[in-house]
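Participant: This is the structure, below, for whatever I ask next.
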Amino acid sequence: CGNGTTPPGQKTGGAERMRADRAMPTFRTPLKSCHATMPNMLNVHLVPHTHDDVGWLKTVDQYYYGDRNDIQHAGVQYILDSVVDQLLKNPDRRFIYVETAFFFRWWKQQSDGMRQTVKQLVNEGRLEFVNGGWCMSDEATTHYSAVIDQMTMGLRFLNETFGPCGRPRVAWHIDPFGHAREHASMFAQMGYDGFFFGRLDYQDRDRRRTDKDQELLWRASDSLTPPMADLFTGILPNGYNPPDGFCWDQSCDDPPIRDDPDLEDYNVDDVVNRFLMIASGQSLVYKTNHIIMTMGSDFQYENANLWYKNLDKLIHYVNARQANGSKVNVQMRLDDFFPYADNAHNFWTGYFTSRPALKRYERLSNSYLQTCNQLEVLGGPFSGSGPFGHDDSWTMRRAMAVAQHHDAVSGTEKQHVANDYARRLADGWQHCRMSCSVTTISLSLSLSLSLSLSLSLSLPQFSVNVYNPLARPVTWPVRLPVNGTAYTVLDANGKPVDSQLYIAIFKFDKLMIVKYHLIDAVILRLFGEFLRATFDPDTGLLSSLSNLETKQTIRLTQNFYWYNASDGNSSVSNQPSGAYIFRPNSSTPFVISRTAKTESLQTSVVQEVRQWFSPWVSQVVRLYADSRALELEWTVGPLPVDDDLGKEVITRLDTSIDSSGIFYTDSNGREVLQRKKDFRPTWDLEQTEPIAGNYYPINSRAYIKDDVNQLTVVTDRSQGGGSIQNGSLEIMLHRRLLYDDVRGVGEPLNETSDVFPEGLVARGRLLLTLDRPQSAADTHRPLAQEVVLQPLLTFTSGDLHPNTRLEFSGLQDALPPAVHLLTLSQWGEDSVLLRLEHQYQSGESKQHTQPVTVNLQRRLILTYFSVLILLNYFLLLIRLRKQFEDITLDSTDLTLSHFMQ
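Residue numbers (UniProt numbering): 1 to 901.
Pasting the structure below:
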């Protein structure tokens, strides 16, 4: 056996043959750095590794420096110091490392001599990077655009530091609590050869062990032509821990290998026999004669000598006795690995909603970062410095990358760590605020600008600058707090904009800044063009929703409920609800109120019905005059717990749609997967938790449908939900729990603060659309992108300078409706990163599903830049020549198929 990672070409011949036709670049041949294997032997691959959470029980800084060891003994800088030292002592030793956020920090502190030494280790394949992102991202609660950004940061650093030898070839997600199909699709499209993970449902694992089906080919997209999204996937045997009895870290108690035969406690024969027994048993649940053992765990190898001294001995003595292998046959997987349960009553579906305010802040921060990136590009050399100082998006990029960690946006960290994630995002906002201000000033030629809403509270006259980060025109409602009693809103041409005292609708073009001038007046009009919502006069609740354009009407009732969270005091199971696990005491939730106190507001711009269900639940049902979506703005909290009952609050939509127990959720905001109550596609499910076992992550949308009607709900953050009853869709909004769920975080999910001493108050929006199933995606696809990438508002006080540019657009023309501008950011001093994607899934839209050809010169190109290099479908690299230069491009057409970047 050898202690290096397994080259994908040797993992299984069958899997390699299935992927041989996939056209991916080859950067290096790793076989020279791998130990020789025996085709007629059982080859056990020992993988020394450490799993270093980028925040969990301690903050990122505390983990790196080894601070607050009273919480958890962990110091990443010492791990990397020790591992490098031990690798240099024996050329046969290997190590893999994952979290680039930590390695980047450690690398900056090293001398030139040490950097050259580490580069040699990487070039020789003795230190290998796997995964390579800034962090090991969560797979349930992250949006694909943010995942791509954090992977880009990590992989770019590794490439620029180590070249092709630093390029990870294996995706490594050993700790996330379930696995999304979209993540596998992205890894495949990024060129990874394989994917290893550690957690999957206990019933799924039992079945796979029996069938020897723990190695599979994951076909991770319905839209991309195979093998574009095919990824060889291996399930690790022990999560990510070493086999029992073989942990030699300073945090472990297993005995070392005592190999002096003169000693009374000589144990080599016992160790080898136990190891061979474990290896033989493991080989019985895998199909190939190559098996993997992870030798390490959380924050291990701080004293790497303990590990390597015993691993060296283990390899030496075991290789004297070798076992035989087995034949190969690899199955295919088409769905995902949600929900995850580690026991009959332990479903990890609570974290889909945990810390709803942090989840919303992360999503808003992603929107702000994309806008900040775009404005840096549009501002050119002027974006970095100006009258307010010098800044850029780097701080926000790092904060957002860290926030994708599987114990960050997931909401499964300690409270002080959640506070630290929010602080980092807030710091990023401040840095981007400076950059956005400077760019907006340079583009508008305005002399003063602020991102503060305080201007609108006190000034009788001010201008609003609206930047649309989408590459197509949108209509967006803009709501401003003001002190005056009457205002007039004027557009950039001095024409009045339909508005009223509370809300003004601003229409603006793609990638465009528009100024609107506000002075006194009020206009009231009626509402309604595409949708109609009716309410029961006796209860104050919604009673129906109609699409006036398609002449559809469904019965629709919406209300709020709460599940009583288990405290673990049950004869069935002692498992309580917690940050990770959702376990209600009953399958029937408590209704908060069967009636709602209401008041209504009708104007030419908007209609509102304001509902009060209890002192801690209220809602505004809002319909804008020309909107195709009904807005439900909910406010929940503080959740009362003086009755000693933890509460998990949901909103439930009950409809007349005959959904037959089937509903649909998105995967990381991208492709949509079908879900079915009490069903798993790859095994016969024994359902033990009828509510929690039917919850799935909802990242941006979910829907139910029949042959005639489709009701889609677009969310403003990641949440959990399910369809427990036919024609029903429920979404969990907020959780407040009184017990820890015993999964390591060590504290209950009970969020309080100086601002909310009685408990967290969360607010959010759900957008409802009603369409024919054949055309529903034409509405919910662009709507979801509008929620993710919201316009940025900035403000200018007083009169505008006569030379102020009132409109600016970074595009010559809008992109086609099917094409989404995924990334526009500064790559270097003279280069820009541009990513485009086809945003429709195969078969979901008659109008927009087909491949689209984009004429780069006529429609796409930014006003100020020249496209010089077209690398491939996935990446366009634009180099800046000089401001205001015309476009030159050899090939002007780019064809985008489904979900290609």
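Quick reminder that beta carbons are idealized off the backbone N, C-alpha and C, glycines included.
1. Considering only their Cβ atoms, is the gap separating Ile581 from Trp562 smaller than 8 angstroms?
2. Cα separation between Gly798 and Arg701?
3. Using a threshold of 8 angstroms, state whether the C-beta atoms of Asn750 and Leu738 are closer than that.
4. Since Phe102 is in the alpha helix (DSSP H), which residue starts that stretch and which ends it?
5. Using CA atoms only, rank isn't needed, just tell me which of Asp193, Gly843, His780 and Gly637 is closest to Gly764.
6. Hey, could you find the ends of the beta strand (DSSP E) Leu821 is sitting in?
7. Enumerate in chain order the residues of its own chain whose CB-to-CB distance from Thr141 is below 8 angstroms, with the five nearest sequence positions on each side excluded.
8. First and last residue of the beta strand (DSSP E) that includes Ser656?
9. Hey, Gln619 and Leu632 are a contact pair by Cβ (cut 8 angstroms); roughly how many whole angstroms apart?
10. Using only alpha-carbon positions, find the residue among Tyr144, Thr233 and Ser728 that is nearest to Ile704.
11. In the structure shown, what three-state DSSP assignment does Asp211 receive?
12. Would you call the CB atoms of Met228 and Met190 closer than 8 angstroms?
13. Locate the beta strand (DSSP E) running through Gly764, then write down its first and last residues.
14. If you draw a straight line from the alpha carbon of Phe756 to that of Arg583, how long is it in whole angstroms?
15. What is the C-beta distance between Asp498 and Ser604, in whole angstroms, given that I count them as a contact (C-beta under 8 angstroms)?
16. In angstroms, rounded to a whole number, what distance separates the CA positions of His848 and Ala401?
17. Rounding to the nearest angstrom, what Cα-Cα distance links Asn564 and Phe590 in this structure?
18. Relative to the C-alpha of Glu182, which residue among Ser659, Ile235, Tyr144 and Arg93 is closest?
19. Give the range of the alpha helix (DSSP H) segment to which Val832 is assigned.
20. Helix or strand or just coil, what does DSSP make of Phe162?
21. Would a C-beta distance cut-off of 8 angstroms place His51 and Asp298 closer than the cut-off?
22. Since Gly154 and Trp134 are thought to touch, with beta carbons under 8 angstroms apart, how far apart are those beta carbons, to the nearest angstrom?
23. With a cut-off of 8 angstroms on the beta carbons, I'd call Ala692 and Pro356 a contact; round off their distance for me.
24. Would you give the residue range spanned by the beta strand (DSSP E) that Asp230 belongs to?
25. Terminal residues of the continuous beta strand (DSSP E) containing Arg555?
26. Quick check on DSSP: helix, strand or coil for Gly722?
27. If you count every other CB in all the chains shown that lies within 10 Å of the CB of Asp342, and 16 or more means buried, which is it?
28. Would you list the residues sitting across from Phe246 in a DSSP beta bridge?
29. Quick check: residue 917 and Thr779, are their CB atoms within less than 8 angstroms of each other?
30. Strictly by DSSP, which residues pair up with Leu783?
31. For the alpha helix (DSSP H) that Lys414 lies in, which residues bound it at each end?
32. What span of residues does the alpha helix (DSSP H) with Lys58 cover, start to end?
33. Can you tell me whether Ile441 is helix, strand or coil according to DSSP?
34. Among the residues of its own chain, which have a CB less than 7 angstroms from the CB of Glu599, if the five just before and after it don't count?
35. Leaving out the 5 sequence neighbours to the left and right, which residues in its chain are closer than 7 angstroms to Leu843 when beta-carbon positions are compared?
36. Within the same chain, show all residues whose beta-carbon is closer than 7 angstroms to that of Asn303, passing over the 5 residues directly before and after it, in chain order.
Facilitator: Quick answer:
1. Within the sequence shown, the letter at position 562 stands for residue 562. Within the sequence shown, the letter at position 581 stands for residue 581. At the C-beta level, Trp562 and Ile581 stay beyond 8 angstroms of one another.
2. Here the question's residue 798 lines up with position 798 in the sequence shown. Here the question's residue 701 lines up with position 701 in the sequence shown. Gly798 and Arg701: Cα-Cα distance of roughly 41 angstroms.
3. Taking the sequence shown and counting its residues from 1, the one referred to as residue 750 is at position 750. Taking the sequence shown and counting its residues from 1, the one referred to as residue 738 is at position 738. Yes, they are a contact pair.
4. For the purposes of this step, residue 102 is identified with residue 102 of the sequence shown, where counting begins at 1. Element bounds for Phe102: Thr100 to Lys108.
5. The residue given as residue 764 occupies position 764 in the sequence shown. The shortest C-alpha separation from Gly764 is found at Gly637.
6. Your numbering for residue 821 matches position 821 in the sequence shown. From DSSP, the beta strand (DSSP E) with Leu821 extends over Val819 to Gly828.
7. Taking the first residue of the sequence shown as 1, we reach residue 141 at position 141. Counting only Cβ-Cβ distances below 8 angstroms, and skipping sequence neighbours, we find Tyr351, Phe352, Lys359, Val409, Ser410, Gly411, Pro697, Asn699 and Ser718.
8. Translated into positions along the sequence shown, residue 656 becomes position 656. Segment: none, Ser656 is in no beta strand (DSSP E) and carries neither H nor E.
9. The sequence position of residue 619 within the sequence shown is 619, counting from 1. The sequence position of residue 632 within the sequence shown is 632, counting from 1. About 6 angstroms; that satisfies the 8 angstroms criterion.
10. Numbered from its first residue, the sequence shown carries residue 704 at position 704. Of the candidates Tyr144, Thr233 and Ser728, the residue whose Cα lies closest to the Cα of Ile704 is Ser728.
11. Working through the sequence shown from its first residue, we reach residue 211 at position 211. Helix at Asp211.
12. Within the sequence shown, the letter at position 228 stands for residue 228. Within the sequence shown, the letter at position 190 stands for residue 190. Cβ atoms of Met228 and Met190: not closer than 8 angstroms.
13. Stepping through the sequence shown from its first residue, residue 764 is reached at position 764. Where Gly764 is concerned, the enclosing beta strand (DSSP E) stretches over Ala762 to Asp771.
14. Within the sequence shown, residue 756 is the residue found at index 756, counting from 1. Within the sequence shown, residue 583 is the residue found at index 583, counting from 1. Cα atoms of Phe756 and Arg583: separation of roughly 26 angstroms, rounded to the nearest angstrom.
15. Along the sequence shown, one-based indexing puts residue 498 at 498. Along the sequence shown, one-based indexing puts residue 604 at 604. With 8 angstroms as the limit, Asp498 and Ser604 qualify as a contact, their Cβ atoms being about 6 angstroms apart.
16. Your numbering for residue 848 matches position 848 in the sequence shown. Your numbering for residue 401 matches position 401 in the sequence shown. About 32 angstroms.
17. Along the sequence shown, one-based indexing puts residue 564 at 564. Along the sequence shown, one-based indexing puts residue 590 at 590. Those two C-alpha atoms are separated by around 8 angstroms.
18. For this step, residue 182 is matched to residue 182 along the sequence shown. Closest option to Glu182, Cα to Cα, is Tyr144.
19. Within the sequence shown, residue 832 is the residue found at index 832, counting from 1. Premise fails: Val832 lies in the beta strand (DSSP E), Ser831 to His838, not in any alpha helix (DSSP H).
20. The residue given as residue 162 occupies position 162 in the sequence shown. DSSP places Phe162 in helix when its eight states are reduced to three.
21. Looking up residue 51 in the sequence shown gives position 51. Looking up residue 298 in the sequence shown gives position 298. Contact flag set, yes.
22. Taking the sequence shown and counting its residues from 1, one reaches residue 154 at position 154. Taking the sequence shown and counting its residues from 1, one reaches residue 134 at position 134. Sure, about 4 angstroms apart at Cβ, within 8 angstroms.
23. Numbered from its first residue, the sequence shown carries residue 692 at position 692. Numbered from its first residue, the sequence shown carries residue 356 at position 356. Contact doesn't hold; Cβ gap of about 18 angstroms is too wide.
24. Against the sequence shown, residue 230 aligns to sequence position 230. Segment Asp230 to Ile235, the beta strand (DSSP E) holding Asp230.
25. Along the sequence shown, read from residue 1 onward, the residue named residue 555 stands at position 555. Where Arg555 is concerned, the enclosing beta strand (DSSP E) stretches over Gln552 to Asn564.
26. Translated into positions along the sequence shown, residue 722 becomes position 722. Strand.
27. Sequence index remark: in the sequence shown, residue 342 carries index 342 (1-based). Burial call: buried.
28. By one-based count along the sequence shown, residue 246 stands at place 246. Per DSSP, none; premise fails for Phe246.
29. The requested residue 917 does not occur in the structure, where the chain is confined to residues 1 to 901.
30. Taking the first residue of the sequence shown as 1, we reach residue 783 at position 783. Partner(s): none; Leu783 has no beta bridge.
31. As a working note, residue 414 is residue 414 in the sequence shown. No alpha helix (DSSP H) holds Lys414; DSSP gives it neither H nor E.
32. For the purposes of this step, residue 58 is taken as residue 58 along the sequence shown, with counting starting at 1. Neither: Lys58 is in no alpha helix (DSSP H) and is coded neither H nor E.
33. Here residue 441 refers to the residue found at position 441 of the sequence shown. DSSP places Ile441 in helix when its eight states are reduced to three.
34. Indexing the sequence shown from 1 puts residue 599 at position 599. Arg610, listed in sequence order.
35. Translated into the one-based positions of the sequence shown, residue 843 becomes position 843. Note that residue 843 is Gly in the sequence shown, not Leu. Correct list, in chain order: Thr849.
36. Here residue 303 refers to the residue found at position 303 of the sequence shown. Around Asn303: Ser82 and Gln250.
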